[in-house]
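Data block below; observations after.
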Amino acid sequence: MKRDTTEVLTLWEHLDILRGVMWRILAVVVVLAVAAFCFRESLFSIVLAPDNSDFITYRWLGFISERLFGSDIKPFNVELINTQLAGQFMIHIRVSIYVACLLALPYILYAMFGFVSPGLYENERRFASAFVFWGYILFWLGVLLNYFVVFPLTFRFLGTYAVSSEVSNLISLTSYIDTLSILSIAMGLVFEIPLLCWLAAKAGILNSDIMVKYRRYAILVVVIVAAIITPTSDAVTLFVVSAPMILLYEAGIVIVRRTSPKRMQPED
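Here it is as structure tokens:
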């Protein structure tokens, strides 16, 4: 239960160690970015897959829609264009860096934890390790949900939406990548809800009774947010997007219920 006090360092020595950690992180990100840059075809075959109406999400939604409502999802075609001379090259670099940061995230968390862990108690280390581990897993689940569900549905609706048959959509590659990146980060953060609930329960500022009491309002907010993210008119799309968020809230209730009584039980 004691801190590691074998060596007491000055502020400048701590900063020197931190600088070394940051340089190692930067080196790992650069190496991964260069590797991603070299595999251009494989990289963009994954990134641009939701642009194809044959993407697995559209095929599954078509199957579900046909089984439930008797109507299949029509194929669509959205043309991506580049409007700047160096646009495709800069997008190539940006996507390589984004992918490198995602792939390097485990090492980044490990390196930063290794920097702060000597100043923590043993129980604090275990707590921080669990928090970082589950935070990473949940973030990736959010990113994957966005890639396979949220972004494809959003792109399909907005990319094919037209105010008039005389106006055709030509979506820029920059807009496509920016939307994919922003939604990936947003969904990754949304999936941290159970972890934040657990942290709040540990701190004694949240209990399951409050979450159950406001469950209906939370579900209403989730449905509204899902409708904004994927403003389509079909019920299948709305359900597919909102269901995971509702499940996250329910998971938060279970986690808080199992966590808070240990701290909130009255003493005899």
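Just so we're aligned, residue 63 is where the sequence shown starts under my numbering, counting upward by one.
Backbone N, C-alpha and C fix where the C-beta goes; we use that ideal spot for every residue, glycine too.
Where residue i falls, given that 16 or more other Cβ within 10 Å makes a residue buried
i    : result
N185 : exposed
R129 : exposed
P168 : exposed
S107 : exposed
R218 : buried
I267 : exposed
I155 : exposed
P328 : Residue placement at P328 cannot be trusted, given a pLDDT of 44 that sits under 50; the coordinates are not used to answer.
P137 : exposed
L92  : Reading the sequence as shown, one finds Val at residue 92 and not Leu. With fewer than 16 other Cβ atoms within 10 Å, it is exposed.
D330 : Any reading at D330 must be qualified, since the residue scores a pLDDT of 40, below 50, and its modelled position is unreliable; the value itself is stated next. D330 comes out exposed.
K324 : For K324, the predicted structure reports a pLDDT of 49, less than 50, and the residue's modelled location is therefore unreliable. A value from the coordinates is still provided. Counting Cβ neighbours within 10 Å, K324 comes out exposed, since fewer than 16 surround it.
L88  : exposed
L232 : exposed
V109 : buried
N208 : buried
S246 : buried
L242 : buried
G82  : exposed
T216 : buried
I153 : buried
D240 : exposed
Option in the options with minimal Cα separation from residue i
i    : options                   : result
R121 : F210, S158 and A289       : F210
A289 : S304, A280 and R278       : S304
F177 : L220, P214 and D78        : D78
I272 : R81, G314 and F99         : G314
L258 : I281, V285, V194 and V205 : V194
I244 : N144, V140 and V212       : V212
V316 : P306, A263, L300 and R278 : A263
L80  : F175, E312 and R187       : F175
W85  : I170, L165 and F117       : I170
R277 : F189, T241 and L309       : L309
L261 : G204, P214 and T321       : T321
L123 : P214, T222, N231 and S230 : P214
H76  : W196, G181 and A265       : G181
M307 : N114, V109, G204 and F125 : G204
S115 : E141, V318 and S104       : E141
L206 : L232, L164, N231 and A224 : L164
E312 : L300, F301, S270 and V287 : S270
I143 : L73, M249 and G221        : G221
A265 : V318, S226 and Q150       : V318
G250 : P112, W196 and L73        : W196
F301 : L73, I126 and D113        : I126
F151 : A190, V225, R102 and V287 : R102
For residue i, the first and last residue of its enclosing alpha helix (DSSP H)
i    : result
L171 : G149 to V178
I272 : S270 to K275
I267 : I267 -> no alpha helix (DSSP H), and no H or E assigned at all.
F99  : L73 to C100
Element boundaries [beta strand (DSSP E), containing residue i]
i    : result
L200 : No beta strand (DSSP E) holds L200; the alpha helix (DSSP H) holding it covers E184 to L207.
L110 : No beta strand (DSSP E) holds L110; DSSP gives it neither H nor E.
Residue-level contact to chain C via CB, residue i, 7 Å cutoff
i    : result
I143 : The displayed structure is made up of one protein chain only, and chain C is not part of it.
Which residue spans inside the region 215 to 254 form an unbroken alpha helix (DSSP H) run of at least 4? Annotation note: the region 215 to 254 contains the following uninterrupted alpha helix (DSSP H) runs of length 4 or greater, listed N- to C-terminal: 235 to 252.
Contact between the region 237 to 257 and the region 181 to 200 is defined here as three or more beta-carbon pairs at a separation below 8 Å; is this criterion met? yes
With three or more beta-carbon pairs closer than 8 Å as the criterion, would you say the region 228 to 244 touches the region 271 to 285? no
Inspect the CB distances between the region 160 to 174 and the region 88 to 101 and report whether three or more fall short of 8 Å. yes
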